[in-house]
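Protein chains in written order, with the working numbering: chain A, -4 to 459; chain B, -8 to 541. We put the CB at the ideal spot given by N, CA and C, even for glycine.
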Amino acid sequence: MKLSFDRRRFLKAMGLGAGSLYLPSLFGVRTAHAEPPKRLVLFLTEHGPVTGRWEMRRPGVPEGGDFEFALDDPDPEAFSETLRPLHPHRRKVTIIEGLSMASAYADPLFTGNGHYFSVSNRAAAQGGVPCGSIDQIIAEASTPVAGFPYLFYSNDSSDFWAGSPIYDTTGHQVMPGRLGGYRYLRDAFDRVFGDLPDPSEPMGAPGPRELSRRRRATTLALVEREYEKLALRLSSEDREKLGRHRDMLSDLERRVTAVEHLSCERPEWPDNDLPPIAVADLALTRLFPAAMACDLTRVAVLGAKQLDAVDIGAPAGIDVHQAVAHSSMDDPSSTWMTNYYRLHAEQFARLIEAFEAVPEGDGTMLDNTLLLWLPELGNGWHDLYKLMVVMAGGGAFETGRYLRYREDQSAPRNVFDVTVGPPHSKLLVSILQAFGIDRSSFGVTSAVARDGSIMDFTGPLPDL
Amino acid sequence: MDRELIARVVLAATLATACVTGSEADESLLARAVDPASAVDEALCDVVGAAPARRLSRSEYLATVRDLFPSLDLSSLTIGSDPTEHGFENRAELLVPRPMLIEQYNTAAADIAAAAIDDPSAIVPCEPTLEAEAMCGAKFVETFGRRIFRRPLSAEELDTYTGFLNAERAAGTGLEGAVQLTLEAMLQAPQFLYRIELGEGPVEHGAVSLTRFEVATRMSYLLWGSTPDDELLARAEANELATAEQRELEARRMLADPRAARMLVEFHRQWLDFDELANEPKDRARYPEYSADLATAIREESDRFVSRVMWRGDGTIRSLLTSREAEVNPLLAELYGVAAPESGWAPVTLDPTERAGFLTRANFLASRGHALEGSPPLRGIFVLDRLLCGSAGGPPADADLSEPAATAEGERTNRQLFEERLAAPACAGCHAIFTPLGYAFEGYDAIGRHRTTDHDAPVDASGRFAQGEIDWNFTNAIELSERLAESPEVMRCAADRWYAYASGNAIDAATRCRARAFGDALVEAGGDVREMLVRYVTSDEFALRPAVMR
């Protein structure tokens, strides 16, 4: 099929064939740690998969109810057409069907993706429901000494995801580790790995990088003191604002100086201005695993850019948003959208392989890294139920399973008359708990459903 | 990304309360615009406006470094964009530090300092010999520091930065290297990145006077969106900004400077959302002429129009909404159906039966249009939100937000398609209020071309908008623009927006008095915003800030 031929040729051109994920020499540093840190990678994709073409069934499993089965069938056809690329990794993944973002419907100030990861939003936060996003909370609990609390890489032009998982507990937008847009992948590598020792610089005398790092540290130290001195003369609000600025400077200074002590090689840097699929592939298989292998970050988020029509077998120039995603209930858009999500499944498979390729302790880096793939919506329309969730690795949850949750709860008032499954906030609570963060709820805790009952958004996801 | 979700985010803030039921919606939708006095807390009218530390917004930062280093090419600097409120990017409360930004300031400071030191004579005010190096370094700190910090450095600051420079010099960097590092530090210092007003003198009625240099800085960021020039700093130094007359004299000098045009363009860019155009791609088959060059020209026309009408022209809200003056290049001339200049840009007068002010220009029409057709709801909401300061809220979470024309079958006009779509009970309550404002623009397609027919039927651009004391009937966008230009509600709304922009504060019960004073000044000035700004600069309040509560 032409589509896959193009892809293979393309990946080869990128140096991204299956065998070239990484230079193993890069990862020696990790084995020095007795207890590897836990890490999180979020892979966020636009629109949603096609309902009816991604789910899986097994003979004898009742429709409509809760069920679970093992992903152990060696026949690739046992996987749905959308998720079939994950079949080789079936024992490492957990696939969840039936969750809903019911809390978003209950939120009159719903802010789309921002809600997904905070079960809250900025306006709500200002109104007294403060809630950071899940990646921030996990990052705060586990920031490496050198490097970034988390890396966040997304399409810059529309900045879709930028409004998403990046609200802090005071409702302010923050972007630690926010990397530039899709066009600037090389710059992102520069930012993350630029302070690592450059093998092309001769040993002995300090090279330009080294000098620049020292210089930055000196000026940063001076400027930090200026913020401290000035803050004393200000109102409490302004003092707080400048205090935060000072803390961020000191964080930058720490990073600039600490990187000297890392014994970790830089990965090969790609070019800027690559096609979107290549950017996502390189972020998932090179930027993130390398940064994590160097312990430059423990949380990384990719907000994937919308795929191009030609990538998914649709006519060039067709509006993927309106004419494909929004029309994906019917063919041919349904098939194009299925191609769309199968491509992302292939990317998620390569993400798994990239982390599995890095030895760590007695196993691989995958054992200590939770990979989480979340489409923005339940389908190509704007439904926030029937969500697809795919997880891999991490050692937190039992893998090799398919879980379906029944959809029998009355939904909040402003949803059309449908019943929905358990709220996604429970999954986030389970993940927080898996990272050792003691939370029994996250964000909005309840809402009134259409039938007058109270929807409970608290607690972990049962049976996970 | 799903732009519709974003649109929903933007609009959701108020619908939830405004549009619960039809009658409630009627009352609350424009309550603010129709009767602003109702929400004024008179007890707060004597309180001087808050003066929080304001981080330079992205555009202020870029304008500032351009003005400080006019000979450098700084086009490659990367500074992240700021969060907005009502389109404005300079709300003090939202201009918080962010880690990414701190890194960008760090990199930008290094890049600027490295470029600046290529020509040391431009920033180092002496010819250093080895003996005089220390003195030369100190002089640099004193003179260039004054420009960067917008005031003379305190004795302690002189010590700090001169000490740093000398230590670096002694460590072997040489004078130029040390100057470079010092400059790099200053460009990251709070005195540069934040506008901090400490005030001085006795507390009276809870307020203190700004220092003379703080007054100068307030003036320059208000009137230029940038740092004071040497002349303004000299006036501050000579204590020539103390009286209303002195400030008026200086404000008029500043308003005549091209930097004032830059500020006026900047204000309108944010207020009227000039940049949204880039997010609205057009159908190539339907609009083959809509090239990247045409889109760029459409965007640029907005800047040129504001500069022409609001800076060189009479500066009134009326002209903004009704002027037929334009500047066009050959591509735009074709779109507007006027004689084309041979090349470049030329002033023209547009056909008064087809075009009036900003709302009938291609940028607004295309940026509030979909791929195939204009969007009456988006155009209507723009008028309601941006010009009337009303609030429409957003559609329910599961509303169909796609473009009706994309899936329409049969020959129907864009208006008919929207009327069908919006007839659903869940939509009709709110849309009946503001979408008619958008129907006024049915005489223009998705890229802003004028049209008299739509799908072979005559265009129907008539409508009625009735809220509070407003009851307007119009047959097209020209008439609606006239109504808006005459409207006291629009005048008040513009004044509110100017107040928010000038002060960096939100409009709330505590600030409404002062916003109202802007509105009064604007009315007295016959709608000329430049005169309104002069009145503000010469007011007592301009030179005060509340005493700091530590």
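In this structure, Met287 (chain A) keeps its C-beta atom at 8 Å or more from the C-beta atom of Glu92 (chain A).
Per DSSP, the beta-bridge partners of Asp445 (chain B) are B:Ala448. In this structure, Leu149 (chain B) keeps its C-beta atom at 8 Å or more from the C-beta atom of Glu175 (chain B).
For Asp284 (chain B), the uninterrupted alpha helix (DSSP H) segment begins and ends at 283 to 297. For Glu118 (chain B), no chain A residue has a Cβ inside 7 Å of its Cβ, as the nearest lies near 26 Å away. A straight-line Cα-Cα distance of about 47 Å links Leu63 (chain B) and Arg474 (chain B). In this structure, DSSP gives Ile70 (chain B) a state outside helix and strand, which the three-state scheme calls coil. Between Asn405 (chain B) and chain A, the shortest Cβ-Cβ separation is not below 8 Å. Partner residues in the beta bridge of Tyr397 (chain A), as assigned by DSSP, are A:Phe64, A:Ile90. The segment 78 to 90 of chain B and the segment 48 to 55 of chain B touch, with no fewer than 3 CB-CB distances between them shorter than 8 Å. Per DSSP, the beta-bridge partners of Leu37 (chain A) are A:Val296, A:Leu367. For a Cβ distance threshold of 8 Å, residue set Thr214, Leu215, Val218, Leu244 of chain A lies close to Gln179 (chain B), ordered along the chain. Here Asp451 (chain A) carries a strand assignment [DSSP, helix/strand/coil].
For the segment 307 to 361 of chain B, the continuous beta strand (DSSP E) assignments of 3+ residues that do not extend past its boundaries occur at 316 to 319, 337 to 340, in sequence order. Chain A has no Cβ within less than 8 Å of the Cβ of Ala225 (chain B). In the three-state scheme derived from DSSP, where H, G and I count as helix and E and B as strand, Ala233 (chain B) is classed as coil.
Contact between the segment 271 to 286 of chain A and the segment 322 to 335 of chain B is absent: fewer than three C-beta pairs spanning the two stretches fall below 8 Å. Pairing Trp489 (chain B) with Asp412 (chain A), the inter-Cα distance amounts to about 45 Å. The C-alpha of Phe131 (chain B) is placed about 13 Å away from the C-alpha of Gly168 (chain B).
The three-state secondary structure of Thr414 (chain A), taken from DSSP, is strand.
Under the 8 Å Cβ criterion, the segment 254 to 268 of chain B counts as touching the segment 296 to 306 of chain B, having at least three qualifying pairs. Along the segment 314 to 335 of chain A, the positions whose C-beta sits under 9 Å from a C-beta of chain B are Asp314, His316, Gln317, Ala318, Ala320, His321, Ser322, read in chain order. Under the DSSP assignment, Ser245 (chain A) falls in the alpha helix (DSSP H) whose first and last residues are 231 to 253.
When A:Ala444, A:Gly447, A:Pro418 are compared, the shortest CA-CA separation from Ser436 (chain A) is found for A:Pro418. Per the coordinates, the alpha-carbon of Ile313 (chain A) lies some 53 Å from the alpha-carbon of Ala216 (chain A). Leaving aside the five residues that flank Ala247 (chain B) on each side, none in its chain has a CB nearer than 7 Å to its CB.
Taking 9 Å as the upper bound on Cβ-Cβ separation, chain B lies near residues Lys224, Leu225, Ala226, Leu227, Arg228, Leu229, Ser230, Ser231, Glu232, Asp233, Arg234, Lys236, Leu237 of the segment 224 to 237 of chain A.
When the Cα atoms are used, Val374 (chain B) and Gly429 (chain B) turn out to be separated by approximately 8 Å. The C-beta distance from Glu271 (chain B) to Gly360 (chain B) rounds to 6 Å, short enough to meet the 8 Å contact threshold.
Within the same chain, Ala65, Leu66, Asp67, Arg85, Arg86, Lys87, Val88, Thr89 come within 8 Å of Gly395 (chain A) by CB-CB distance, once the 5 residues on both sides are set aside. If one requires a minimum length of 4 residues, the alpha helix (DSSP H) runs lying completely within the segment 303 to 361 of chain A are 328 to 351, in chain order. Residue environment analysis places His196 (chain B) among the exposed positions, since fewer than 16 neighbouring C-beta atoms fall within 10 angstroms of its C-beta.
Excluding five sequence positions before and after Asn97 (chain B), the CB atoms of its chain that fall closer than 7 Å to its own CB belong to Gln179, given in chain order. Within the segment 460 to 475 of chain B, contact with chain A at the beta-carbon level (separation under 9 Å) is assigned to no residue. Residue state for Gly59 (chain A) is assigned as coil, using DSSP reduced to three classes. Close to Arg181 (chain A), with beta-carbon spacing below 8 Å, lies no residue of chain B; the smallest spacing is near 14 Å.
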